[in-house]
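Residue numbers (the numbering used here): 2 to 265.
Heads up, the thing below is written out as structure tokens.
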């Protein structure tokens, strides 16, 4: 994907401190893009920026995505400095094992939804009006998960939040289609990040983050509406969705639960 009239691509990434967000930022910077790096940890963002080509061209925002005013201010600053945005990626996310009956887990549910769902909306909102009047490629990218395809034992908050991301992005895709803005939903399988390293169970088709980023950028370039990465996990996900509940329940009732909260 190239920007309009030969200018550099402008990419804004949340959750850029580590994991998938950092991998996507590296890939886009290597392709010559100007990147807005947003995350909670300023030290990690500066360390990442120092490794990117054109270090001084990128913009750092040490912001918690649940602070919607600060997030909107960061978006406005990036639009002003970069002259707009071509790709906005809502990559910030958290995961934790949750049990509905466990004391304190109601707050855990709220926290996970605040980061994974509401912050995705808050990330996109400040960019939409400018993108409606933009030229060239315009992409809003929601990071979902194969975990959003079927609910898993002990992961109710995470699975439900990612299912919500999928449905939200689908609604947004229909809303923005007349304006030429493409909404891309990426559903990662198991990607090697600090988040997945907390898992206490086998992870089939585990993919290095740089390989995920390369595949993700291709899907974003193409404006693909929905893409599971890696591809074999997409086949597994489809099969899981087709399983009758009685068979699904029998297969996964004894599955291990997720560990405590972790950042991607």
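Glycine residues also receive a C-beta, built at the ideal position from the N, C-alpha and C atoms.
All values reported here derive from a predicted model rather than from experimental measurement.
Under a three-way DSSP split, which group does residue i fall into?
i	result
residue 18	coil
residue 13	strand
residue 64	coil
residue 116	helix
residue 264	Low per-residue confidence applies at residue 264: pLDDT is 37, beneath 50, and the placement is therefore not dependable enough to give any value.
residue 196	coil
residue 8	coil
residue 191	coil
residue 183	strand
residue 44	helix
residue 209	strand
residue 230	strand
residue 156	strand
residue 30	helix
residue 150	coil
residue 235	helix
residue 136	coil
residue 256	coil
Along the chain, where does the alpha helix (DSSP H) that runs through residue i open and close?
i	result
residue 1	Nothing about residue 1 can be reported from this structure: the residues present for the chain run from 2 to 265 only.
residue 53	Segment: none, residue 53 is in no alpha helix (DSSP H) and carries neither H nor E.
residue 251	246-253
Taking Cβ positions, are residue i and residue j nearer each other than 8 Å?
i	j	result
residue 131	residue 181	no
residue 26	residue 35	no
residue 206	residue 231	yes
residue 24	residue 195	no
residue 9	residue 33	yes
residue 16	residue 55	no
residue 238	residue 153	no
residue 157	residue 197	no
residue 141	residue 173	yes
residue 88	residue 221	yes
residue 160	residue 149	yes
residue 72	residue 59	no
residue 128	residue 162	no
residue 21	residue 213	yes
residue 93	residue 116	yes
residue 53	residue 30	yes
Could you spell out where the beta strand (DSSP E) holding residue i opens and where it closes?
i	result
residue 35	35-40
residue 144	140-144
Would residue i count as contacting chain B if we go by Cβ distances under 8 Å?
i	result
residue 74	The question asks about chain B, but that chain is absent: this structure has only one protein chain.
Below 7 Å, is the gap between the Cβ of residue i and the nearest heavy atom of the ligand NAD?
i	result
residue 122	In the structure on display, the ligand NAD does not appear, and there are no ligands present to speak of.
Exercise. Counting Cβ pairs, one atom from each stretch, are 3 or more of them under 8 Å apart for the segment 175-194 and the segment 227-247?
Worked result: Yes, the segment 175-194 touches the segment 227-247.
For this session: Indicate whether the contact test is met: 3 or more Cβ pairs, each with one atom in the segment 119-135 and one in the segment 62-78, closer than 8 Å.
Result: Yes: the two stretches touch, three or more of their Cβ pairs being nearer than 8 Å.
Exercise. If you pair each beta-carbon of the segment 96-116 with each one of the segment 42-52, do three or more pairs fall below 8 Å?
Worked result: Segment contact: the segment 96-116 against the segment 42-52, fewer than three CB-CB distances shorter than 8 Å; contact not assigned.
For this session: Note down, one range per segment and in chain order, each beta strand (DSSP E) of at least 3 residues found wholly within the segment 57-113.
Result: Here the runs fully enclosed are 60-63 and 88-91.
For this session: Spell out a yes or no on whether the segment 73-91 and the segment 103-113 are touching, meaning 3 or more CB-CB pairs, one atom from each, closer than 8 Å.
Result: Short answer: they don't touch.
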